[in-house]
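In this note's numbering, each residue's number is its place in the sequence shown (first place is 1) plus 271. Even for Gly, the Cβ is constructed at its ideal location relative to N, Cα and C. Here is the structure we will look at.
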Amino acid sequence: GLAGRLQETFNKLRGKGKVSEEDVNQMMREVRLALLEADVNFKVVKDFVSRVKERAIGQEVLKSLTPGQQVIKVVNEELTQLMGGTQSKLNMSPKPPTIIMMVGLQGAGKTTHTGKLSKYLQKQNKQPLLIAADIYRPAAIKQLQVLGEQLKIPVFSMGNEVSPVEIAKKGIEYAKAENRDVVIIDTAGRLHIDETLMNELLQIRDEVKPHEILLVVDAMTGQDAVNVANSFHETLSLTGVILTKLDGDTRGGAAISVKAVTGCPIKFVGMGEKLDQIEPFYPDRMASRILGMGDVLTLIEKAQATVDSQKAKDLEKKIRSAEFSFEDFLDQLEQVKKMGPLDEILGMIPGLNKAKGLKDLKVDDKQLAHVEAIIKSMTKEEKQHPEILNASRRRRIANGSGTSIQDVNRLLKQFEDMKKMMKQFSNMAKTKGKKKKGF
Ligand code: GDP
Ligand code: MG
């Protein structure tokens, strides 16, 4: 993948005290190949490489004390710039309701993300209303209604015999009457872009004058995502993009080219089928992620959204200070369970997906019960000072928890690895705090 490829190249440079122009050239050949392989648009790659080269070969890098790091810094900054620079927020109307129109091809994830986005907004104390304006796909209305029921968010529909334009118009009147402050319109897609689809969307747009027209596009389609974005943008003047299925086996190219080619910012990314698997898009974090640095801030934010805020503060503090006992561990285990599948959480931790030695740190959900039993069999002192756990204490704990000594040993090892990782983690967070001074 792109991350691995770039990482390898960077590692070669990282150790270098002095970088020559030829070094930079060679590295940029690698970067160029990696980006093309990741399915980034050809012209975008060309511009990107020449911008980085210009800066890298200039004074800024060659004369600096740590040229290797400087090159990486330049790549990171340019990558961030390419994806829009700063986070692009939803455009909320000062006069409610804010009207959001979801558009895109069939299967891109419009309906799912109508649900996800409404949940996201609900958490920010908004009162959304969903409008079912896909009257063509069988069961499309039902799909949205099911999501609405799950989320306890009302869904406005008029069946499939009224035109989508009429449904959208009536839906907004209803939203006003019911004091709903955000309206999200789920529209129909087609397998391919066609005039009928575009005309219908245009009619809806002209009728309801949305504050946001969000293109929902499947990241796994790579270059196609960019072409789709171009066509929709030409006709509808999009205000933003939701890039979905980033959890899949995507090469990351779409995230990089969509903004660069269309000028349309990515506002959210979808990371799975579940309703809380949506995240605001942060170009700098995505750049770090692509470069294989993990995503500490998203992880902490995720914890904050799920865990109650005092506990989240404690977690953050403990992660940053790497002071963490088995008592905290047990306490967090409960919270972590609420954050989502562990694999996903662990995937955000810097370097973890690549560190082979840490593979067995993947606590599978079924093992959690074991882990809890072991920790609960420890005395208070043992929980705070695991280093006192000698052989006889370990045996007692294994017996007490109905596990084996091997299980206890494994947990102790995992706990130590985790603490090491947190240290790394906290160093990274500090670096980030210092306005990204190198890596
Ligand atoms: P629509 O036709 O654009 O409304 O697409 P749907 O919302 O019905 O989604 C199509 C399929 O993609 C469904 O099976 C969804 O569960 C799945 N899907 C949507 N978003 C994501 C995502 O972010 N990740 C993954 N893995 N699947 C997704
Ligand atoms: Mg749909």
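#### Entry: Cα-Cα separation between ILE406 and VAL454, rounded to whole angstroms
Roughly 18 angstroms between the two C-alpha positions.
### Cβ separation of LEU400 and ARG476, assumed to be a contact under 8 angstroms, to the nearest whole Å
That pair is no contact at about 18 angstroms.
### Query
Is any heavy atom of the ligand MG found at a distance shorter than 6 angstroms from the C-beta of ASP489?
For the ligand MG, not one heavy atom lies less than 6 angstroms from the Cβ of ASP489.
### Task
Using 6 angstroms as the cut-off, classify the Cβ of THR382 as near or not near the heavy atoms of the ligand MG, replying yes or no.
Of the heavy atoms belonging to the ligand MG, at least one sits nearer than 6 angstroms to the Cβ of THR382.
### Message
Counting C-beta neighbours from all protein chains within 10 Å, is the total for SER389 16 or more, i.e. buried, or is it exposed?
### Response
Burial is judged here by how many other beta carbons sit within 10 angstroms of a residue's own beta carbon; SER389 has at least 16 and is buried.
#### Entry: Bridge partner(s) assigned by DSSP for GLY541
The partner list for GLY541 (beta bridge, DSSP) reads ILE549.
### Query
Enumerated in chain order, which unbroken segments of the alpha helix (DSSP H) with a length of 4 residues or greater are wholly contained in the segment 304 to 381?
Those alpha helix (DSSP H) runs which fall completely within the segment 304 to 381 and span 4+ residues are 313 to 328, 330 to 333 and 338 to 353.
### Query
Residues in its own chain within less than 6 angstroms of ALA490 by CB, not counting five upstream and five downstream?
Counting only Cβ-Cβ distances below 6 angstroms, and skipping sequence neighbours, we find LEU514, LYS516, LEU517, THR521 and ALA525.
### Query
When DSSP builds the beta bridges, which residues end up paired with ILE456?
Paired residue(s): MET372 and ILE402.
### Query
Nearest to ILE527 by alpha carbon, out of ILE561, PRO551 and MET542?
Of ILE561, PRO551 and MET542, the residue nearest in Cα terms is ILE561.
### Message
Following a CB-centred definition, is VAL439 positioned closer than 6 angstroms to any heavy atom of the ligand MG?
### Response
As written in the sequence, residue 439 is Ala, which differs from the Val given in the question. A distance criterion of 6 angstroms places the beta-carbon of ALA439 beyond contact range of the ligand MG, judged by its closest non-hydrogen atom.
### Query
Is it right to say VAL499 is buried, meaning 16 or more other beta carbons lie within 10 angstroms of its own, or is it exposed?
Under a 10 Å Cβ-count criterion, VAL499 is classified as buried, with 16 or more other Cβ atoms of the shown protein chains found around its own Cβ.
### Task
Could you check the C-alpha separation between LEU507 and VAL320 for me, to the nearest Å?
For LEU507 and VAL320, the gap between their C-alpha atoms comes out near 31 angstroms.
### Query
For VAL679, does the three-state DSSP call read helix, strand or coil?
Looking at VAL679 - three-state DSSP - the assignment turns out to be helix.
#### Entry: Any non-hydrogen atom of the ligand MG within 6 angstroms of ALA410 CB
Set against 6 angstroms, the gap from the CB of ALA410 to the closest heavy atom of the ligand MG is not smaller.
### Message
Can you tell me whether LYS633 is buried or exposed? The criterion is at least 16 other CB atoms within 10 Å of its CB, across all chains shown.
### Response
Because LYS633 carries a pLDDT of 48, less than 50, the predicted location of this residue cannot be relied on, and the following value inherits that uncertainty. Residue burial annotation: LYS633 is exposed, with fewer than 16 other C-beta atoms found within 10 angstroms of its C-beta.
### Query
Do you know how far the Cα of VAL540 is from the Cα of ARG408?
Roughly 24 angstroms between the two C-alpha positions.
### Message
Please report the straight-line C-alpha distance between LYS707 and GLY375, rounded to a whole angstrom.
### Response
Here LYS707 scores only 34 on pLDDT, less than 50, and its place in the model should not be relied on; the value that follows carries that caveat. Cα-Cα distance, rounded: 36 angstroms.
### Task
Give me whichever residues DSSP pairs with ILE645 in a beta bridge.
The partner list for ILE645 (beta bridge, DSSP) is empty, contrary to what the question assumes.
### Task
Tell me whether ILE659 is buried or exposed, calling it buried when 16 or more other Cβ atoms sit within 10 Å of its Cβ.
With fewer than 16 neighbouring CB atoms inside 10 Å of its own CB, ILE659 falls in the exposed class.
### Query
Mapping DSSP to helix, strand and coil, what is ASN396?
Coil, per DSSP.
### Query
Looking at C-beta atoms only, is the number of pairs between the segment 462 to 472 and the segment 379 to 394 that lie closer than 8 angstroms three or more?
With the cut-off at 8 angstroms, the segment 462 to 472 and the segment 379 to 394 do not touch.
### Task
Assuming GLU478 and MET372 form a contact by the criterion Cβ under 8 angstroms, report the distance between their Cβ atoms to the nearest whole angstrom.
In fact, because the Cβ distance is near 10 angstroms, the residues do not count as touching under 8 angstroms.
### Query
What separation, rounded to the nearest whole angstrom, lies between the Cα atoms of VAL303 and ASN312?
A small correction: the amino acid at residue 303 is Arg; Val does not occupy that position in the sequence shown. When rounded, the distance between both Cα atoms is 11 angstroms.
### Query
Can you pull the DSSP bridge partners for GLU483?
ILE371, per the DSSP bridge assignment.
### Query
the ligand GDP heavy atoms versus the CB of GLN341: any closer than 6 angstroms?
No, Cβ of GLN341 sits at least 6 angstroms from all heavy atoms of the ligand GDP.
### Message
Less than 6 angstroms separating the Cβ of ASP518 from some heavy atom of the ligand GDP?
### Response
For the ligand GDP, at least one heavy atom lies less than 6 angstroms from the Cβ of ASP518.
### Message
On a Cα-Cα basis, can you pick out the residue from LYS366, ARG326 and HIS384 that is closest to MET542?
### Response
Per the Cα distances, HIS384.
### Query
Would you call SER359 buried or exposed, if buried means 16 or more other Cβ atoms sit within 10 Å of its Cβ?
SER359 is buried by the Cβ-count criterion.
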